[in-house]
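Visitor: Going by the working numbering, the residue at position 261 of the sequence shown is 264; the numbering climbs one at a time, nothing skipped.
C-beta: ideal position from N, C-alpha, C; glycine also.
Treat the numbers as computed from the prediction; the structure is a model and nothing was measured.
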Amino acid sequence: MNQNTLISKKYHKFTKHSPISVYSNTHILDWDNKPLPFKFYKNPNHIDLPRNFPLPDQNTFVSLEKEQSSFKFHPIKLDILRVSQLLFFSAGITRILKFNNAVYYMRASSATGALYPIEIYLSCAQLPGIKDGIYHFCPADFTLNKLYKGDFTDTLYQISGENITIRQAPITLIFTSIGWRNSWKYQTRSYRHWFWDAGTIISNYLALCNANSFSTEIILGFQDENLNKLLCLKQREEAAIILSPLYTNKTLKKSSNSYKKQLFEFETIPLSKYVIEYPKIWELHTGSSLTDKVDVKKWNKLGKKVLDDKKLNKLNMIQAIGLNGYSLKDVILKRGSTRKFSIKSISKSQLEHILYLASKTIPFDFVENYSLVDAYIIVNSVKELESGSYFYNKNSYKLHKLEEGNFRKVSEHLCLDQELFGNASIVCFFMANLNKILSIWGNRGYRAVQLEGGIRIGKMYLAA
Ligand SMILES: Cc1cc2nc3c(=O)[nH]c(=O)nc-3n(C[C@H](O)[C@H](O)[C@H](O)COP(=O)(O)O)c2cc1C
């Protein structure tokens, strides 16, 4: 199935915006049926996460720039306090807004339409402060819900096609997406958003991992059905999309057999009165699934050979950037998407720093030091840089002018005629050669490239 890339090509074409598709869409938002942004289990088995965790006061630029390969030793202990920090500053509630009699629980990272489709599960084994088991993280009350007792390392190791980092980790995060949360507004196109919204969470998470010198990997290679079954996810409603082990040393844990004993009925409070299914989402999700261990092992190797010669440069620009700037804590707590730009210019060096920090290596399981996307930029108002369109060379970290001109109307139009994008100093478009990606990785490459776009957007948020 994964190799039948007609599925993703058709999906991509079907969900492309065009003036006709945008202006002829008759979809009306049923506000009375807006999905709950939280997953609540009935009769849960709650554990309060500590709120007195250490705050991430490390410099944001340094945290974005650091590479895991530079971690020679891990001075910080990975325990329940650090895990609470990571969860809060990646996916926790950082602001509460009241608007038109409604309350909005805004999160640490941005999300399309503020609909928050991503849920996080944790598999813990030998993690100080948390008993072995599988948990669901609920940002609403900052709790963990214990689903199963026991050490599931070996189960996840098998599901991931024997990815060794899982055996090194006392904790593995599992990101899932609830389809209806986002399709309520964005319909079939919302499948792309699963990965963009997971990506912005992961950009915060990676910066926090770097700040704490924790090692991690963003794993897309796993047997989908087995992982969904393990978490008892509802078929054609929710699905696992990423695994991410977190560790501080490379000691392999002894394999132990987990015993899957459910601790309570996994019934959840309905998200809304009714759910509309968008079949093309599930067609692509199934079409990009890996079914067995052989499939997963293949996934890990597909790109490594083909792309060996085109690795990202490991340039270190930290001296140029300097150590000024805000801490991660301040950036994440103050972060928010603007609804109105000041129309003041940014400087060329600010733009270069943002692009540089957004282009750093991501620790994916399927490629090393490689990026599937390229940044193209419309410059509307940047000091010392002529307005026009630019290409960002991610290897030389240099901007190349494509065409000079005033493109404010173009950037506005390309972003669905939203005024905000005409007023912006710059608008960055992450582009990819989809045919090439699909020819290497099959449909699952579609997930990967959308995710990478989301992570790089999240990094831009933090750097900006
Ligand atoms: C991938 C992505 C695309 C977005 N696209 C738009 C957009 O087209 N227009 C807009 O006004 N906001 C856009 N947003 C911003 C979201 O609306 C915003 O993140 C969400 O309302 C949560 O608010 P916050 O970022 O202030 O926490 C986008 C966010 C993401 C992550």
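With distance defined between alpha-carbon atoms, name the residue in Phe17, Ala172 and Lys253 nearest to Tyr281.
Guide: As a position in the sequence shown, residue 281 is number 278, starting the count at 1. Among Phe17, Ala172 and Lys253, the Cα nearest to that of Tyr281 belongs to Phe17.
Visitor: Is Ile79 helix, strand or coil when you go by DSSP?
Guide: Position 76 of the sequence shown, counting from 1, holds the residue named residue 79. Note: Ile79 maps to coil in three-state DSSP.
Visitor: Could you tell me which of Ser21, Ser27 and Asp60 sits nearest to Val334, measuring between CA atoms?
Guide: Counting from one through the sequence shown, the residue named residue 334 turns up at place 331. Closest option to Val334, Cα to Cα, is Asp60.
Visitor: Report the rounded CA-to-CA distance for Ile167 versus Val106, giving the unit in angstroms.
Guide: As a position in the sequence shown, residue 167 is number 164, starting the count at 1. As a position in the sequence shown, residue 106 is number 103, starting the count at 1. So the alpha carbons of these two residues sit roughly 43 Å apart.
Visitor: Rounded to whole angstroms, how far is the Cβ of Ser414 from the Cβ of Lys386, which I believe are closer than 8 Å?
Guide: Here residue 414 refers to the residue found at position 411 of the sequence shown. Here residue 386 refers to the residue found at position 383 of the sequence shown. The Cβ separation is near 18 Å, so there is no contact.
Visitor: Pairing CB atoms from the segment 90 to 102 with CB atoms from the segment 227 to 247, are three or more of them under 8 Å?
Guide: With the cut-off at 8 Å, the segment 90 to 102 and the segment 227 to 247 do not touch.
Visitor: Val299 by DSSP, collapsed to three states: which one?
Guide: Here residue 299 corresponds to residue number 296 of the sequence shown, with the count starting at 1. Val299 falls in the helix class under three-state DSSP.
Visitor: Please look up how many angstroms separate the CB atoms of Ser247 and Ile79, rounded, as I've assumed it's under 8 Å.
Guide: On the sequence shown, position 244 is the one that residue 247 refers to. On the sequence shown, position 76 is the one that residue 79 refers to. Rounded, the Cβ-Cβ distance is 18 Å, inconsistent with contact.
Visitor: In the DSSP assignment, the alpha helix (DSSP H) including Glu68 goes from what residue to what residue?
Guide: Mapped onto the sequence shown, residue 68 falls at position 65. Taken as a continuous stretch (DSSP letters only), the alpha helix (DSSP H) holding Glu68 covers Thr63 to Glu68.
Visitor: Kindly examine ligand 1 and report whether one of its heavy atoms sits closer than 8 Å to the Cβ of Ser471.
Guide: No answer is possible for residue 471: the residues shown for the chain start at 4 and end at 467.
Visitor: If I follow the unbroken alpha helix (DSSP H) through Tyr138, where does it start and stop?
Guide: Position 135 of the sequence shown holds residue 138. No alpha helix (DSSP H) contains Tyr138, which is instead part of the beta strand (DSSP E) from Gly136 to Cys141.
Visitor: Since Arg411 is in the alpha helix (DSSP H), which residue starts that stretch and which ends it?
Guide: Here residue 411 refers to the residue found at position 408 when the sequence shown is read from its first residue. That run of the alpha helix (DSSP H) goes Arg411 to Leu417.
Visitor: Which parts of the segment 157 to 232 are runs of the beta strand (DSSP E), unbroken and 3 residues or longer, counting only runs that do not cross its ends?
Guide: Complete beta strand (DSSP E) runs here, min 3: 174 to 181.
Visitor: Compute the Euclidean distance between the alpha carbons of Arg170 and His139, then round it to the nearest angstrom.
Guide: The residue labelled residue 170 in the question sits at position 167 within the sequence shown. The residue labelled residue 139 in the question sits at position 136 within the sequence shown. Taking the straight line joining both Cα atoms gives about 21 Å.
Visitor: With Lys363 and Lys264 assumed to form a contact (beta carbons below 8 Å), what rounded beta-carbon distance in angstroms separates them?
Guide: Here residue 363 corresponds to residue number 360 of the sequence shown, with the count starting at 1. Here residue 264 corresponds to residue number 261 of the sequence shown, with the count starting at 1. So it is not a contact: roughly 42 Å between Cβ atoms.
Visitor: Say the cut is 8 Å; is the CB of Cys418 nearer than that to a heavy atom of ligand 1?
Guide: On the sequence shown, residue 418 is found 415 positions in, with the first residue counted as 1. Because some heavy atom of ligand 1 lies under 8 Å away, the Cβ of Cys418 counts as near it: yes.
Visitor: Can the beta-carbon of Leu477 be found closer than 9 Å to that of Arg195?
Guide: Residue 477 lies beyond the range of the chain shown here (4 to 467); nothing can be said about it.
Visitor: Starting from the C-beta of Thr191, find all residues in its chain whose C-beta is less than 7 Å away, skip the five residues before and the five after it, and write them out in chain order.
Guide: Counting from one through the sequence shown, the residue named residue 191 turns up at place 188. The residues are Phe17, Thr18, Tyr281, Lys283 and Ile284.
Visitor: Can you find the residues in the same chain that come closer than 7 Å, C-beta to C-beta, to Gln322, ignoring five residues on each side of it along the sequence?
Guide: Here residue 322 refers to the residue found at position 319 when the sequence shown is read from its first residue. Annotation note: pLDDT 47 at Gln322 (below 50); position unreliable, coordinate value reported separately. Taken in chain order, the list of residues that qualify is empty.
Visitor: Just the C-alpha distance for Ile381 and Ser352, rounded to the nearest angstrom, thanks.
Guide: As a working mapping, residue 381 is identified with position 378 in the sequence shown. As a working mapping, residue 352 is identified with position 349 in the sequence shown. Each residue's alpha carbon lies about 16 Å from the other.
Visitor: So does Gln353 have its beta carbon nearer than 8 Å to some heavy atom of ligand 1?
Guide: Indexing the sequence shown from 1 puts residue 353 at position 350. False, no ligand heavy atom lies under 8 Å from that Cβ.
Visitor: Which residues in the same chain as Phe424 place their Cβ atom closer than 6 Å to its Cβ, once the five residues preceding and following it in sequence are excluded?
Guide: For the purposes of this step, residue 424 is taken as residue 421 along the sequence shown, with counting starting at 1. Cβ within range, chain order: Ser414, Glu415, Cys418 and Val430.
Visitor: Alpha carbon to alpha carbon, how far is Leu125 from Leu249?
Guide: Position 122 of the sequence shown, counting from 1, holds the residue named residue 125. Position 246 of the sequence shown, counting from 1, holds the residue named residue 249. Near 10 Å, if we compare the C-alpha coordinates of Leu249 and Leu125.
Visitor: Within a Cβ cutoff of 8 Å, which residues of the same chain sit near Asn55, ignoring the five residues on either side of it in sequence?
Guide: By one-based count along the sequence shown, residue 55 stands at place 52. Excluding sequence neighbours, Asn55 sits near Leu84.
Visitor: From this set, Gly408, Ile244, Ser330 and Ile279, which residue's C-alpha is nearest Gln453's C-alpha?
Guide: Taking the sequence shown and counting its residues from 1, one reaches residue 453 at position 450. The candidate whose alpha carbon is nearest that of Gln453 is Ile244.
Visitor: Where does the unbroken alpha helix (DSSP H) through Tyr26 begin, and where does it stop?
Guide: Counting from one through the sequence shown, the residue named residue 26 turns up at place 23. Looking at the DSSP string, the run of the alpha helix (DSSP H) that includes Tyr26 is Pro22 to Ser27.
Visitor: Would you say the beta carbon of Ser113 is closer than 8 Å to some non-hydrogen atom of ligand 1?
Guide: Reading the sequence shown from its first residue, position 110 is the one you call residue 113. Correct: Ser113 has its Cβ closer than 8 Å to ligand 1.
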